[in-house]
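A.B. asks: Structure in C-alpha cells, see below.
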Amino acid sequence: MRSGVRKITVNHGRLRGSLFIPSDETSNRQRRRYPAVIDLFGSTGSLIESRGALLASHGFITLSLAYFAYKDLPSVITEVDFEYFEEAIEWIINHKQVSSENGIGVLGTSLGGVIALYIAKQCPQVSAVISINATPTFFVFGIRHNGKQLPYCCSIDCGHTVFNDDGSMISSWKVDESKLFYLDESSRSKVLFLVSGDDKLLYTSDYYIWLNNLTPTKKKDVELIIYEGAGHLLEPPYTPLFYSCYSIYFGGATIFWGSPQQHAEAQEKSWLKIREFFTENL
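This is the structure in C-alpha cells:
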C-alpha cells in the first residue's frame, strides 16, 4: 500500500468492510475527490483488503466489501440479499471524497464477479464492471433479491466429473442457458470479462453463449479477454497460483489448474488492464 493511503473501517448500518482512500496532498479544507470502486471477492466470504489497498494506491477510492461469513453478516451466501449491495453503492456515491459524475466501478472475482455482473444489470449508478473468473449466472446457489432467491443455472454433472488421484475434483458444470442473466438497453455499464483459458472450475464457452445472446448495441459495451494457460484465480501480480482449493460447498478440493509462468504473466497483464479500464470509464 502506497504511503499516505488511508484505511477506514466501515460499520455503517449493515455494511461491513474497509474503505481505502488515496493519498491526499491537498489541504484538509480542499480535499480531492476520486473515482470510486467497490471490490468483491468470492465464495470464501470474509473480508479481503489487499486489492482495495492496491487500487487506492493507484488513485481509486475503494470499498473492500465483505458480504458474508464476516462479523455479524450472514454466515452463508444464500442468506445474502441484493439490497445489501445497493446500500453499498448509495453509501459510497454519497461519500464526500467520491467523484461519481461518471458513475462508479465494481470489481469482482469468482462469485464476486457474478454479483458484479448482476449489479451492472440492475444499478444505473454503476458505469464500469470488471468480472474476473466468473460466470454470467449464479452457479450452485443464488442470493436473494426483493425477498426471493435468484435462480441459478449450474449444477454438477456427476456423470462427467473427473477426480484426480489425490481426490481433487475437476468441475463439470451443466448450464441451463435459459437462466443466464443479460444486460438490457437500460444498463449504462461497460463490462470487462477477464477469463483464464486453463480454468478448470469454469468453462470459457459460457461467455460466448452469453455474448451471442446480447443485442448488437450491448455487445459494444462488453470486452472479453482470455488469458491462455492461466488458471483460477487471476489476482494482482505476484500472488501465487494454487493448484487446488478446498471448497466447503463440494466437501473437497476443486482444481484451479493453470501454468505457473503463464498465470503469472496473465496476472501482470490483467492488473494493468483493470487499472486502464477503470481510468477510461470512470
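Reminder that position 12 of the sequence shown reads as 21 in our numbering, one-by-one numbering, no gaps.
For every residue, glycine included, the Cβ atom is placed at its ideal position computed from N, Cα and C.
Since the model is a prediction, treat every value here as computed from it, not as a measurement.
Could you check what DSSP says for Val107 in three-state terms: helix, strand or coil?
C.D. replies: Strand, per DSSP.
A.B. asks: What number of angstroms, rounded off, separates the C-alpha of Phe190 from the C-alpha of Arg41?
C.D. replies: So the alpha carbons of these two residues sit roughly 37 Å apart.
A.B. asks: Measure the beta-carbon distance from Tyr216 to Phe202 and round it to whole angstroms, keeping in mind my assumption that it falls under 8 Å.
C.D. replies: Sure, about 6 Å apart at Cβ, within 8 Å.
A.B. asks: Leaving out five residues before and five after Leu22 in sequence, what residues of the same chain have Cβ atoms less than 7 Å from its Cβ?
C.D. replies: Leu is not the amino acid found at residue 22; the sequence shown has Gly there. These residues qualify, in order along the chain: Glu96.
A.B. asks: How is the alpha helix (DSSP H) around Asn221 delimited, first residue to last?
C.D. replies: Unbroken alpha helix (DSSP H) run through Asn221: Ser214 to Asn221.
A.B. asks: Take Cys132 as the anchor and find which of Glu92, Val204 and Ser279 has the nearest alpha-carbon.
C.D. replies: Closest option to Cys132, Cα to Cα, is Glu92.
A.B. asks: Can you say whether Pro44 is buried or exposed, counting buried as having 16 or more other CB atoms within 10 angstroms of its CB?
C.D. replies: Pro44 comes out buried.
A.B. asks: Using 10 angstroms around the beta-carbon of Ala226, count the other beta-carbons present and answer buried if the total reaches 16, otherwise exposed.
C.D. replies: Looking at the sequence itself, residue 226 is Thr, so the reference to Ala does not match. Answer is exposed; the Cβ neighbour count stays below 16.
A.B. asks: With burial defined as no fewer than 16 other Cβ atoms inside 10 Å of the residue's Cβ, what is the status of Val85: buried or exposed?
C.D. replies: Exposed: under 16 other Cβ atoms inside 10 Å.
A.B. asks: Does the contact criterion of 3 or more C-beta pairs under 8 Å hold for the segment 133-153 versus the segment 56-63?
C.D. replies: The segment 133-153 is not in contact with the segment 56-63.
A.B. asks: In angstroms with no decimal places, state the Cα-to-Cα distance between Thr263 and Gly51.
C.D. replies: About 14 Å.
A.B. asks: Give me the Cα-Cα distance between Tyr236 and Gln270, rounded to the nearest whole angstrom.
C.D. replies: Approximately 12 Å between the Cα atoms of the pair.
A.B. asks: Jot down the residue ranges of each uninterrupted beta strand (DSSP E) in the segment 57-121, minimum 3 residues, whole runs only, in chain order.
C.D. replies: As far as the segment 57-121 is concerned, its whole beta strand (DSSP E) runs of at least 3 residues are 70-75 and 113-118.
A.B. asks: With Ser27 and Ser66 assumed to form a contact (beta carbons below 8 Å), what rounded beta-carbon distance in angstroms separates them?
C.D. replies: Their Cβ separation, rounded to whole angstroms, is 14 Å, which puts Ser27 and Ser66 out of contact at 8 Å.
A.B. asks: Is the beta carbon of Asn142 closer than 7 Å to that of Ser119?
C.D. replies: Cβ atoms of Ser119 and Asn142: closer than 7 Å.
A.B. asks: Whose C-beta lies closer than 8 Å to the C-beta of Thr35 among residues of the same chain, with five residues either side of it excluded?
C.D. replies: Its pLDDT being 48, under 50, Thr35 is placed unreliably by the model, and nothing is read from it.
A.B. asks: Check whether the segment 238-251 and the segment 276-284 touch, using three or more Cβ-Cβ pairs below 8 Å as the test.
C.D. replies: Cβ pair count under 8 Å is three or more, so yes.
A.B. asks: How would you write the range of the alpha helix (DSSP H) that Leu159 sits in, first residue to last?
C.D. replies: From DSSP, Leu159 is part of no alpha helix (DSSP H); its letter is neither H nor E.
A.B. asks: Identify every residue that forms a DSSP beta bridge with Phe29.
C.D. replies: Note: Phe29 sits in a beta bridge opposite Lys16 and Thr71.
A.B. asks: Could you have a look at Leu233 and say whether DSSP puts it in helix, strand or coil?
C.D. replies: Leu233: strand per DSSP, three-state reduction.
A.B. asks: How far does the alpha helix (DSSP H) with Val279 in it extend, from its first residue to its last?
C.D. replies: Checking the sequence shown, residue 279 turns out to be Ser, not Val. Its alpha helix (DSSP H) spans residues Pro269 to Asn290.
A.B. asks: How close, in whole Å, do the beta carbons of Leu192 and Ala129 come, if the pair is a contact with beta carbons under 8 Å?
C.D. replies: That pair is a contact at about 6 Å.
A.B. asks: As a quick exercise: from Val115, Tyr255 and Lys157, pick the residue whose alpha carbon is nearest that of Thr87.
C.D. replies: Residue Lys157 is the option with its Cα nearest to Thr87.
A.B. asks: Exposed or buried, which one is Arg25 when buried takes at least 16 other CB atoms within 10 Å?
C.D. replies: Counting Cβ neighbours within 10 Å, Arg25 comes out buried, since at least 16 surround it.
A.B. asks: Along the chain, where does the alpha helix (DSSP H) containing Lys209 start, and where does it finish?
C.D. replies: No alpha helix (DSSP H) holds Lys209; DSSP gives it neither H nor E.
A.B. asks: Under 7 Å, do Gly238 and Asp208 count as touching if we go by C-beta distance?
C.D. replies: No.
A.B. asks: DSSP beta-bridge partners for Asp48?
C.D. replies: Note: Asp48 sits in a beta bridge opposite Ser73 and Leu116.
A.B. asks: To the nearest angstrom, how far is it from the Cα of Phe147 to the Cα of Thr53?
C.D. replies: Spanning the two alpha carbons is a distance of roughly 15 Å.
A.B. asks: Excluding sequence positions up to five away, which residues of its chain have a Cβ less than 7 Å from the Cβ of Leu324?
C.D. replies: Lying outside 10 to 291, the shown extent of the chain, residue 324 is not represented and no answer is given.
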